[in-house]
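2 protein chains.
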Amino acid sequence: MATEIERKFLVVDDAWREQADAGTEMVQGYLAAQEHCTVRVRLAGSGAKLTIKGASAGISRSEYEYDIPEVDARTMLGELCEGTPIVKRRYRVPHAGHVWEVDVFEGANAGLVLAEVELDRADEALERPSWAGEEVSGDHRYYNACLSRYPYASWPA
Amino acid sequence: MATEIERKFLVVDDAWREQADAGTEMVQGYLAAQEHCTVRVRLAGSGAKLTIKGASAGISRSEYEYDIPEVDARTMLGELCEGTPIVKRRYRVPHAGHVWEVDVFEGANAGLVLAEVELDRADEALERPSWAGEEVSGDHRYYNACLSRYPYASWPA
Numbered sequence: 001m002a003t004e005i006e007r008k009f010l011v012v013d014d015a016w017r018e019q020a021d022a023g024t025e026m027v028q029g030y031l032a033a034q035e036h037c038t039v040r041v042r043l044a045g046s047g048a049k050l051t052i053k054g055a056s057a058g059i060s061r062s063e064y065e066y067d068i069p070e071v072d073a074r075t076m077l078g079e080l081c082e083g084t085p086i087v088k089r090r091y092r093v094p095h096a097g098h099v100w101e102v103d104v105f106e107g108a109n110a111g112l113v114l115a116e117v118e119l120d121r122a123d124e125a126l127e128r129p130s131w132a133g134e135e136v137s138g139d140h141r142y143y144n145a146c147l148s149r150y151p152y153a154s155w156p157a
Numbered sequence: 001m002a003t004e005i006e007r008k009f010l011v012v013d014d015a016w017r018e019q020a021d022a023g024t025e026m027v028q029g030y031l032a033a034q035e036h037c038t039v040r041v042r043l044a045g046s047g048a049k050l051t052i053k054g055a056s057a058g059i060s061r062s063e064y065e066y067d068i069p070e071v072d073a074r075t076m077l078g079e080l081c082e083g084t085p086i087v088k089r090r091y092r093v094p095h096a097g098h099v100w101e102v103d104v105f106e107g108a109n110a111g112l113v114l115a116e117v118e119l120d121r122a123d124e125a126l127e128r129p130s131w132a133g134e135e136v137s138g139d140h141r142y143y144n145a146c147l148s149r150y151p152y153a154s155w156p157a
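Chains as they are written, first to last, in the UniProt record's numbering: chain A, 1 to 157; chain B, 1 to 157.
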């Protein structure tokens, strides 16, 4: 078990691309998306993972992650997951001592670009890059589990 | 992914004990117990497993099972699982070419004894032992996920 401490921001422009890697395509879905815990299946590159996260306490939550066979993940995504699978490309972007992850969503969530950064402590100092705009860490709408149920394309204008 | 094909019966007396092994103590809980899938955490003997099962189609359902660290299972059981943990002792009982599993429930489900047998095919011939009474394969009340929410002790008399 690990503790995930993460802050999340809207991305306001493309300046992050200058420092980004080539990105990794990800497809993920939710076996369960509940208040007290989520169970996620993710295909990323050539690997697959099952991830369980507990309820959020501020910007922290417990996280359990296991490698699973890719074929299992594909079947679960096709047959057991609720909502719309999340398809996105994740880029790693180093900035001022942290590695940010920029998620460029596709499909039903196309148009949405989010930046996340994992911290060691909730009160850790963070230098926000110019391309990171409004913080949305506590906003449920931007949780991937919620985007699976209520994709960005379905949001009121 | 495997397919679990299983029949379940009420146990009417103790005659099964003559052929039974010493049994294994199990504690299990549910991260999610939904119509379309369940996510179970189980401690059994010195091991721990995470098991995902799909919706039932007759007596069959898809099943994905992974070994996980025991410490993870204990934390999940304590912090993330819904309902009452299921505590039971499972005995293996060979009978007429099949290995039956007899679950003697404890705690909030004490008094309940169920026998399960896994089959290779849904229409496989099965010789029912004398101690196996009414079949409850399709009865949701006897699903462990349901017993976790509505323990036997809470059932109307």
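Just so you know, even glycine gets a beta-carbon here, dropped at the ideal spot from N, CA and C. This structure is a prediction, so every number in the text was calculated from the model and none was measured.
What residues from chain A crowd round residue i, counting only those whose CB sits closer than 7 Å?
i	result
B/I5	The contacting residues do not exist; B/I5 stays about 17 Å from chain A at best.
B/V27	In chain order: nothing, as chain A lies at least about 17 Å away.
Short of 6 Å in beta carbon distance, which residues of its chain neighbour residue i, apart from the five on each side in sequence? Order them along the chain.
i	result
A/L112	F105, Y152
A/H98	V117
B/L119	I5
A/A115	F9, V11, W100, V102, A132
A/A20	Y91, V93
A/E127	A96
Could you tell me which of the options sits nearest to residue i, measuring between CA atoms?
i	options	result
B/I59	B/V117, B/L50, B/A145, B/G29	B/V117
A/A22	A/V102, A/Y142, A/D67, A/K49	A/V102
A/K8	A/H140, A/W155, A/E135, A/C146	A/E135
A/H140	A/S56, A/I52, A/E65, A/S46	A/S56
A/N109	A/T84, A/V93, A/R74	A/T84
B/G47	B/E65, B/C37, B/Y150, B/Y30	B/E65
B/W131	B/I86, B/V93, B/R42	B/V93
A/L80	A/A44, A/Y30, A/A125	A/Y30
A/R90	A/H36, A/A157, A/T24	A/T24
B/W16	B/A96, B/D123, B/A32	B/A96
B/A44	B/C37, B/K53, B/M26, B/A33	B/M26
A/K49	A/D72, A/K88, A/A145, A/H36	A/D72
B/A145	B/R40, B/D14, B/H36	B/R40
B/E35	A/R149, A/K53, A/E82	A/E82
A/R42	A/K88, A/T3, A/R121	A/K88
A/T3	B/T75, B/A33, B/Q28	B/T75
B/S137	B/P129, B/A122, B/Q28, B/A33	B/A122
Residue i versus chain B: which residues are under 8 Å apart at the beta carbon?
i	result
A/C37	L31, A32, L80
Based on DSSP bridge pairs, tell me the residues matched to residue i.
i	result
A/V27	A/L43, A/V87
A/L5	Checking the sequence shown, residue 5 of chain A turns out to be Ile, not Leu. Answer is A/S60.
A/C37	A/G54
A/Y66	A/L50
B/A32	B/V39
B/R92	B/E101
B/A132	B/V11
A/V113	A/V104
A/E124	Note: A/E124 sits in no beta bridge, so no partner.
B/E118	B/E6
B/E18	B/E18 pairs with nothing; no bridge assigned.
B/E82	B/Y30
Please list the partners that residue i has in chain A, where partner means a Cβ-to-Cβ separation under 8 Å.
i	result
B/Y66	L50, Y66, I68
Taking 8 Å as the cut-off, is the CB of residue i close to at least one heavy atom of the ligand MG?
i	result
A/E116	Although the ligand MG was asked about, the structure shown includes no ligands whatsoever.
When you compare the CB of residue i with every CB in chain D, is at least one pair closer than 9 Å?
i	result
B/Q28	No chain D is part of this structure, whose protein chains are labelled A and B.
Can you give me the Cβ contacts of residue i inside the same chain, cut-off strictly under 8 Å, excluding the 5 residues immediately before and after it?
i	result
residue 159 of chain A	No answer is possible for residue 159 of chain A: the residues shown for chain A start at 1 and end at 157.
B/G133	F9, L10, V11, V12
A/A157	none
A/D14	W131
* Asked: Going along the stretch 70 to 89 of chain B in order, which residues come within less than 8 Å of chain A, judged by CB to CB distance?
  -> V71, D72, T75, M76, E79, L80, E82
* Near-chain A residues of the stretch 38 to 63 of chain B - C-beta to any C-beta below 8 Å -> V39, L50, I52, G54, S62
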